[in-house]
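Below: the structure, in structure tokens.
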Amino acid sequence: MIAAGLLLLAVGAVDLLRQMIRARRWIAYAVAAALLIVVAAGVDAVIAGLLAVAVAAIWTWVVPEHGPARAGLWPVALLALAAVACVVVAPGRARPGILGQMWASYRPMDAVSIDVVVLVVGCLIFLLESGNAVVRIALRSEMGAGGTSDETAAPTLKGGRLIGPLERILVFALTLAGAYTLIAAVLAAKGIVRFPEISRDGEGGDRAEYFLIGSLVSWVTALAAAFLVAWGIAPG
319 MIAAGLLLLA VGAVDLLRQM IRARRWIAYA VAAALLIVVA AGVDAVIAGL LAVAVAAIWT
379 WVVPEHGPAR AGLWPVALLA LAAVACVVVA PGRARPGILG QMWASYRPMD AVSIDVVVLV
439 VGCLIFLLES GNAVVRIALR SEMGAGGTSD ETAAPTLKGG RLIGPLERIL VFALTLAGAY
499 TLIAAVLAAK GIVRFPEISR DGEGGDRAEY FLIGSLVSWV TALAAAFLVA WGIAPG
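Each residue of the sequence shown is one higher than the last, beginning at 319 in the working numbering.
Written as structure tokens, this is what we have:
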């Protein structure tokens, strides 16, 4: 489980740094990698930390900020498969490393281990900006299939970069809390808010298709993260 958390944390941190920093990113990448290795050492998972750093480096190459993804949706599928495999093969540990022992001494609830905490934090960081990257890959793949360029095919819906992460975090948290009625309300509210923009769509229906694909991929990403955590904390 700790490997899945470190994996998602590394990828999510890289995408956040790419969004926030424009110059001398390699310094930020190096600092983030060092911090991740320190955390991994603190939870007795150095090898998992090194692998997470390597995967994050590959992710930055195959999932560029602009233009079509070099490998389509395959990096997303492989990352999801790797996270699931980590949770299935390596369940949580009671007192992993120094940080695990400290957490075991001061944690508010006995049922929550340090592995679960790292997994939840990794999911949250991933959903912030990497979730946007996953949506962009899906949209560019779909628009590219129609034979149009990314710039001309993708209509602009204002606020998507901010609404998307907030929506994914809400869906993630509400799913773990079992508040499925509230999830339905959140998704319905988004459709109502976006309806005026979509209703002005032309005959091509590009805005409606763009909205539906982006929203569905975003929701599935959040639900998948929530189910991964629920699977990790389920009694064996």
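All residues carry an ideal CB built from backbone N, CA and C; glycine is no exception.
Note that the coordinates shown come from a computational prediction; the quantities given were computed from them, not determined experimentally.
Name the residue from the options whose alpha carbon lies nearest to the alpha carbon of residue i.
{"i": "residue 447", "options": "363, 392 and 337", "result": "337"}
{"i": "residue 445", "options": "546, 497 and 363", "result": "546"}
{"i": "residue 458", "options": "480, 532, 526 and 348", "result": "532"}
{"i": "residue 356", "options": "339, 341, 343 and 324", "result": "324"}
{"i": "residue 354", "options": "327, 376, 378 and 498", "result": "327"}
{"i": "residue 415", "options": "433, 383, 378 and 349", "result": "433"}
{"i": "residue 395", "options": "548, 453 and 480", "result": "453"}
For a test of the three-state rule: what should DSSP assign to residue i, helix, strand or coil?
{"i": "residue 483", "result": "helix"}
{"i": "residue 471", "result": "Caution is warranted here: a pLDDT of 46 is assigned to residue 471, below 50, making its placement in the model unreliable, and no coordinate value can be reported."}
{"i": "residue 363", "result": "coil"}
{"i": "residue 451", "result": "helix"}
{"i": "residue 390", "result": "coil"}
{"i": "residue 383", "result": "coil"}
{"i": "residue 458", "result": "helix"}
{"i": "residue 341", "result": "coil"}
{"i": "residue 431", "result": "coil"}
{"i": "residue 543", "result": "helix"}
{"i": "residue 408", "result": "coil"}
{"i": "residue 401", "result": "helix"}
{"i": "residue 491", "result": "helix"}
{"i": "residue 351", "result": "helix"}
Could you tell me whether the Cβ atoms of residue i and residue j are closer together than 9 angstroms?
{"i": "residue 366", "j": "residue 351", "result": "no"}
{"i": "residue 490", "j": "residue 437", "result": "no"}
{"i": "residue 511", "j": "residue 488", "result": "no"}
{"i": "residue 536", "j": "residue 482", "result": "yes"}
{"i": "residue 404", "j": "residue 543", "result": "no"}
{"i": "residue 443", "j": "residue 331", "result": "yes"}
{"i": "residue 322", "j": "residue 550", "result": "yes"}
{"i": "residue 381", "j": "residue 393", "result": "yes"}
{"i": "residue 339", "j": "residue 391", "result": "no"}
{"i": "residue 486", "j": "residue 449", "result": "yes"}
Out of curiosity, what's the CA-to-CA distance linking residue i and residue j?
{"i": "residue 538", "j": "residue 402", "result": "15 angstroms"}
{"i": "residue 506", "j": "residue 364", "result": "43 angstroms"}
{"i": "residue 408", "j": "residue 333", "result": "26 angstroms"}
{"i": "residue 552", "j": "residue 493", "result": "14 angstroms"}
{"i": "residue 420", "j": "residue 358", "result": "14 angstroms"}
{"i": "residue 329", "j": "residue 361", "result": "19 angstroms"}
{"i": "residue 368", "j": "residue 497", "result": "36 angstroms"}
{"i": "residue 534", "j": "residue 528", "result": "10 angstroms"}
{"i": "residue 400", "j": "residue 370", "result": "11 angstroms"}
{"i": "residue 377", "j": "residue 439", "result": "19 angstroms"}
Could you give the residue range of the alpha helix (DSSP H) that holds residue i?
{"i": "residue 336", "result": "320-338"}
{"i": "residue 423", "result": "415-424"}
{"i": "residue 496", "result": "From DSSP, residue 496 is part of no alpha helix (DSSP H); its letter is neither H nor E."}
Cβ-heavy atom distance between residue i and the ligand PLP below 8 angstroms?
{"i": "residue 340", "result": "With respect to the ligand PLP, the structure offers nothing, as it holds no ligand at all."}
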